[in-house]
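This report refers to the structure that appears directly beneath it.
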Amino acid sequence: MSISNTASAAGRAPAIPRNRIKVLSKRRRRLQNALVAYSFIAPNFIGFAVFTLGPILFAFALAFMHWDGSNAITFAGLDNFWRLFEDKAFIAAFWNTIIYTVVSVPATLVCALGLAILLNQKIFGRDFFRTAMFFPYVASLVAVAVVWNMIFNPEMGPVNMILYTLGLDPKDMPGWAADRHWAMVTVILFGIWKSMGYYMVIYLAGLQGINSELYEAADLDGANAWQKFIYVTVPQLAPTTFFVTVMLTIQSFKVFDQVYMITQGGPGTSTLVLVYHIYNEAFISWDLGYSSMIALVLFFLVLAVTVIQFRRQRED
Amino acid sequence: MASISLKKLNKTYGALTVVHDIDLEIADKEFIILVGPSGCGKSTTLRMIAGLEEISGGELKIGTDLMNDVPSKDRDIAMVFQNYALYPHMTVYKNMAFGLQLRKASREIIDTKVQEAAKILDITHLLNRKPKALSGGQRQRVALGRAMVRSPEVFLLDEPLSNLDAKLRGTMRAEITKLHKRLDATFIYVTHDQIEAMTMADRIVVMKDGHIQQVDTPQNLYDRPVNMFVAGFIGAPQMNMLPCVVERREETFVAIFDGRELPLPSHFDKVRIAPYEGQELVLGIRPESFHELPPADIPSENLAAFKAVVDLAEPMGSEVHLNMTTGGRNLIARVSPRFKAKIGDEVALLADMTNVQLFGKETERSILY
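Order-wise, the sequence lines are chains A and B.
Per this note's numbering, the first sequence starts with residue 871, numbered consecutively.
Per this note's numbering, the second sequence starts with residue 2, numbered consecutively.
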């Protein structure tokens, strides 16, 4: 039996005669391969370029311009930058953002990890509690903020009612969102409550990836539950913790929605944060150049913190 | 003293019983190996001894103390896991020192013990490395070192060589055997590899479906298997099982297979065979019992002629495994590489009947022991 007969008998396409095969040059073949690859990337890249990269570059340029959104753009040089140092609202927003990040990142991390460890145990109603904890992350912010404001209402809210029942003097009762001393606490608590379910899921995945033999080895080595947590769980979760820390830090620096829904930056500037200040300057005062400069500051702040975190992770 | 006693030990998961009331006495300083196919309950038994699995029923004693509810750390045992279970974020030194640190041993004692174990295992140069920077064999040594530094009475080893290549496995087999002699402790070792079991153990426990099939020395398991499972499990290639009928010929017995009379050796206990006269039994002949020429040390009355057609010849270098068919049955013979046989050839071989086995067809139990 001839070779071609064998091929057709096996159901394969007959071989193309050698003289009909196009011999492509190496360079042309590489170009063809690259074009195929770019054609796959193109739809995503075009979307990214139009809706993300373009506005970012425009905002970068706008930071050195004066523009109110309707009149002509004029060059401002470093005017917007020097203005930052005289803007009390910016300085307040800057420190509020730092405070929010410094408190909420470790607090959310600890709560998420604690919940993950708890809901990784074989306890009754585990799936229900996992869903319940994740729910705030996916729930409508408007609805959640309304409920939150109701719960923490200084006069009629159940939280203060409980504190009253526990014997706290009405004069010492926290005013929560309405009190400049408690407003940031309220925003932070809201942020922790809303985010911890999401990071709990990430930690759960991390916990389930830990080799159970390590715990058994630790058992035989004589470790108690706390020692197993410190010497096995924490080091094994280091990559997860790094990811969670980076994501939480970026998220905290960009905090806006809960401030907008609960306090609108007040009372005074007690909960004013950078993104809320950007929003005010851009869409209330229509000073798009200055707001872009604040955005630029925020960008470098997030970049610096993230680079430091990545370096520390690499050193570890 | 670290003798171990298992009495009616069982393990159940809901309605599923994976270890059925096993009884086993392990002597102090004995090297005992639990062997069997996957799912036979050998690892579960080891884990119950380690305290990593709850005991569903029965009694576990180490020395004279009942250990059923004693936590792992208080059983004076150390374990080497199949995947080593080294702490990935700790150096080799810290991995080995961890158990002693938790037991609040002084820094000097920890250092002395770690250095001593590292020297024995030849891993001193690896002490500052992390596990990911080690080869499989090195990790295995570190896992052994971690167990050694605590100087436990009992070492538990759960398939510690299964992740190593064949050459390294051979080397480590010898090293673990030497280590047992040196440490003078009780070793309980789990494997599915019968070669490991045969070469290392003082005694072997053969398990199947959560039941102990036989506990004996390696040679006794090979020579006197109590049932067809043990006979088939011990030895490679496995024992040939041929259906036969036993008949009396004057003072002796013969096994009739495919119309051929195969003489049963005169040392067989005739009282045990007599009740099975005329009944169907299973004749077990090991592949190494076949010879191309009559061996000088075997009396001719113990040799039986076999003719079979070669289906496949597998050259192993030092020997050839002939897969053959005779009387509608498959037969494997280990012969010399000088014996040239091609596929389709009909070959004549002589079977040494001295060590053949006879099993009940229904019970699968040996009628000889």
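We put the CB at the ideal spot given by N, CA and C, even for glycine.
The structure displayed is predicted, hence computed values, not measured ones.
For a cutoff of 8 Å on Cβ pairs, would you count residue i as touching chain B?
{"i": "residue 824/A", "result": "Absent from the model: residue 824/A. The displayed extent of chain A is 871 to 1186, so no value can be given."}
{"i": "residue 1185/A", "result": "no"}
{"i": "residue 1075/A", "result": "no"}
{"i": "residue 1109/A", "result": "no"}
{"i": "residue 1173/A", "result": "no"}
Applying a beta-carbon distance threshold of less than 7 Å, which residues of chain B neighbour residue i?
{"i": "residue 1097/A", "result": "103"}
{"i": "residue 1087/A", "result": "82 and 86"}
{"i": "residue 1105/A", "result": "90"}
Tell me the residue span of the alpha helix (DSSP H) that contains residue i.
{"i": "residue 1078/A", "result": "1053 to 1078"}
{"i": "residue 1111/A", "result": "1108 to 1123"}
{"i": "residue 1185/A", "result": "1158 to 1185"}
{"i": "residue 181/B", "result": "167 to 184"}
{"i": "residue 1134/A", "result": "No alpha helix (DSSP H) holds residue 1134/A; DSSP gives it neither H nor E."}
{"i": "residue 200/B", "result": "195 to 201"}
{"i": "residue 43/B", "result": "43 to 51"}
Show which residues of chain A have a CB atom less than 9 Å away from the CB atom of residue i.
{"i": "residue 202/B", "result": "Ordered by position in chain A, no residue passes the 9 Å Cβ test against residue 202/B, which lies about 23 Å from the chain."}
{"i": "residue 53/B", "result": "1086, 1089 and 1090"}
Hey, how far is the Cα of residue i from the Cα of residue j?
{"i": "residue 350/B", "j": "residue 67/B", "result": "56 Å"}
{"i": "residue 1069/A", "j": "residue 1107/A", "result": "13 Å"}
{"i": "residue 927/A", "j": "residue 1173/A", "result": "16 Å"}
{"i": "residue 65/B", "j": "residue 312/B", "result": "57 Å"}
{"i": "residue 1034/A", "j": "residue 999/A", "result": "29 Å"}
{"i": "residue 55/B", "j": "residue 1014/A", "result": "46 Å"}
{"i": "residue 873/A", "j": "residue 339/B", "result": "Reliability of the predicted coordinates at residue 873/A is poor, the pLDDT of 42 falling under 50, and the value obtained from them is presented with this limitation in mind. Between residue 873/A and residue 339/B, the C-alpha separation is close to 40 Å."}
{"i": "residue 279/B", "j": "residue 250/B", "result": "12 Å"}
{"i": "residue 1158/A", "j": "residue 1125/A", "result": "20 Å"}
{"i": "residue 1010/A", "j": "residue 1003/A", "result": "15 Å"}
{"i": "residue 1133/A", "j": "residue 1058/A", "result": "12 Å"}
{"i": "residue 346/B", "j": "residue 1080/A", "result": "57 Å"}
{"i": "residue 243/B", "j": "residue 84/B", "result": "40 Å"}
{"i": "residue 101/B", "j": "residue 182/B", "result": "23 Å"}
{"i": "residue 1083/A", "j": "residue 30/B", "result": "26 Å"}
{"i": "residue 165/B", "j": "residue 142/B", "result": "12 Å"}
{"i": "residue 1060/A", "j": "residue 1048/A", "result": "14 Å"}
{"i": "residue 48/B", "j": "residue 1090/A", "result": "11 Å"}
{"i": "residue 935/A", "j": "residue 960/A", "result": "18 Å"}
{"i": "residue 212/B", "j": "residue 220/B", "result": "21 Å"}
{"i": "residue 270/B", "j": "residue 369/B", "result": "7 Å"}
{"i": "residue 154/B", "j": "residue 63/B", "result": "9 Å"}
What does residue i reach in chain B if we use C-beta pairs closer than 9 Å?
{"i": "residue 1083/A", "result": "82, 83, 84, 85 and 86"}
Along the beta strand (DSSP E) that carries residue i, what are the first and last residues, could you check?
{"i": "residue 263/B", "result": "261 to 264"}
{"i": "residue 209/B", "result": "204 to 209"}
{"i": "residue 353/B", "result": "347 to 353"}
{"i": "residue 191/B", "result": "187 to 192"}
{"i": "residue 242/B", "result": "241 to 250"}
{"i": "residue 331/B", "result": "330 to 336"}
{"i": "residue 325/B", "result": "321 to 327"}
{"i": "residue 6/B", "result": "5 to 14"}
{"i": "residue 155/B", "result": "155 to 159"}
{"i": "residue 213/B", "result": "212 to 217"}
Which residues in chain B sit within 8 Å of residue i, going by Cβ to Cβ distance?
{"i": "residue 1092/A", "result": "74, 100, 103 and 104"}
Against chain A, with Cβ distances strictly below 8 Å, would residue i count as a contact?
{"i": "residue 118/B", "result": "no"}
{"i": "residue 78/B", "result": "yes"}
{"i": "residue 264/B", "result": "no"}
Using a Cβ-Cβ distance under 8 Å, would residue i count as near chain E?
{"i": "residue 26/B", "result": "Considering every chain present, this structure includes no chain E. Its protein chains are A and B."}
Which ranges would you report for the alpha helix (DSSP H) in the segment 993 to 1031 of chain A if only whole runs of at least 4 residues count?
996 to 1008 and 1011 to 1021
Could I get the ranges of all uninterrupted alpha helix (DSSP H) runs contained in the segment 257 to 313 of chain B, with 4 residues as the minimum, in chain order?
271 to 274
Whole beta strand (DSSP E) elements within the segment 69 to 114 of chain B, 3-residue minimum:
78 to 81
What are the complete alpha helix (DSSP H) segments, minimum 4 residues, inside the segment 947 to 991 of chain A?
949 to 956 and 958 to 988
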